[in-house]
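Trainee: According to numbering that gives the first Met the number 0, the residues represented by the sequence shown are 0 to 247, in order. Take a look at the following structure, please.
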Amino acid sequence: MDLKLKIWRQKNANDKGKMVDYPISNVSPDMSFLEMLDVLNNELIEKGESPVSFDHDCREGICGSCSLYINGEAHGPDRLITSCQLHMRTFKDGETIVIEPWRAKAFPVIKDLVVDRSAFDRIQHAGGFISVNTSGNTIDANTIPIEKADADDAFMAATCIGCGACVASCKNSSAMLFVGAKVSQFALLPQGQVEATDRVLNMVKQMDEEGFGNCTNTGACEVECPKGISLENIARMNREYLSASFKG
Ligand code: SF4
Ligand code: FES
0 MDLKLKIWRQ KNANDKGKMV DYPISNVSPD MSFLEMLDVL NNELIEKGES PVSFDHDCRE
60 GICGSCSLYI NGEAHGPDRL ITSCQLHMRT FKDGETIVIE PWRAKAFPVI KDLVVDRSAF
120 DRIQHAGGFI SVNTSGNTID ANTIPIEKAD ADDAFMAATC IGCGACVASC KNSSAMLFVG
180 AKVSQFALLP QGQVEATDRV LNMVKQMDEE GFGNCTNTGA CEVECPKGIS LENIARMNRE
240 YLSASFKG
């Protein structure tokens, strides 16, 4: 396959940045999207040019690093996959592919396609944890009965990989799908009840301080989420927040 790539190049956080055209030839349809970028970078290095910076780690849909906006969609045109799981057979020979970083005030660009997603870490630090007795008399979690539906919903919420595609897809740059998943993961389980009130209040407060926008029920986040996190998690977070506000 021969392709025309249009890639966002930005030297650093203060650089204005611009789209740069890169033709690329002999791309195998079996390559992953990131492997295609590796080939491009090898060519750029051989020509003495600066390679394109992009985030990646696991390359198997687990770590949430590969934050690429491809042809106007977070993680590209396919559904329920991350950019690293996208394969070049999805595209046509001769196609132009536009590759940009996540665009959100709370995710500033560090270089090229790499953005700073530490805002998510700070939201997690604000409440995304539980206290566990590690005295030696710890009760095995599996001895506490949990309704199957609650266990399934908690597990589903816990599959959020913190990639930020929900923010990048949202016209308001809202992080509510991410925060909703992180709140739900604990709110549905008995182990999460000890800090439940503080958790939702503190995580939402941190989310607002980081500059993420509000949810206006557009649903783009749910469509683009590679893990299929449901809007139901936002509704649950709102219920938790209302209840915690009265208690708090
Ligand atoms: S909710 Fe989905 S899109 Fe948002 S951070 Fe989690 S996995 Fe990524
Ligand atoms: S590189 Fe880890 S999810 Fe894509």
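Positions of the beta carbon are idealized from the N, C-alpha and C atoms, including for glycine.
My assumption, with CB atoms under 8 Å, is that residue 106 sits in contact with residue 125. Please give the rounded CB distance.
Mentor: Between residue 125 and residue 106 the Cβ distance is about 17 Å, and since that is not below 8 Å, they are no contact.
Trainee: Between residue 259 and the ligand SF4, is the CB less than 7 Å from at least one heavy atom?
Mentor: Within the shown structure, residues of the chain are numbered from 0 to 247, placing residue 259 beyond reach of any answer.
Trainee: For residue 212 versus residue 168, is the C-beta distance shorter than 8 Å?
Mentor: It is not a contact, given that the beta carbons lie outside the stated cut-off.
Trainee: As an exercise, report each continuous alpha helix (DSSP H) stretch of at least 4 residues that is fully enclosed by the segment 9-55, in chain order.
Mentor: Counting whole runs of 4 or more residues, the segment 9-55 contains the alpha helix (DSSP H) stretches 32-45.
Trainee: Is the beta carbon of residue 77 within less than 7 Å of some heavy atom of the ligand FES?
Mentor: No, the ligand FES has no heavy atom inside 7 Å of this Cβ.
Trainee: Quick check: is any heavy atom of the ligand SF4 less than 7 Å from the C-beta of residue 169?
Mentor: No, Cβ of residue 169 sits at least 7 Å from all heavy atoms of the ligand SF4.
Trainee: What separation, rounded to the nearest whole angstrom, lies between the Cα atoms of residue 201 and residue 178?
Mentor: Near 11 Å, if we compare the C-alpha coordinates of residue 178 and residue 201.
Trainee: Using only alpha-carbon positions, find the residue among 160, 176 and 153 that is nearest to residue 188.
Mentor: Measuring from the Cα of residue 188, the nearest candidate turns out to be 153.
Trainee: If you draw a straight line from the alpha carbon of residue 94 to that of residue 70, how long is it in whole angstroms?
Mentor: Whole-angstrom Cα-Cα distance: 11 Å.
Trainee: Is DSSP giving residue 241 helix, strand or coil here?
Mentor: The answer is helix: DSSP assigns residue 241 an H, G or I state.
Trainee: Say yes only if the C-beta of residue 55 is nearer than 7 Å to one or more non-hydrogen atoms of the ligand FES, and no if none qualify.
Mentor: Yes, the Cβ of residue 55 comes within 7 Å of a heavy atom of the ligand FES.
Trainee: On the CB-based measure, 16 or more other CB atoms within 10 Å of its CB, does residue 223 come out buried or exposed?
Mentor: Buried, since its Cβ has 16 or more Cβ neighbours within 10 Å.
Trainee: How is residue 189 classed by DSSP in three states: helix, strand or coil?
Mentor: The answer is helix: DSSP assigns residue 189 an H, G or I state.
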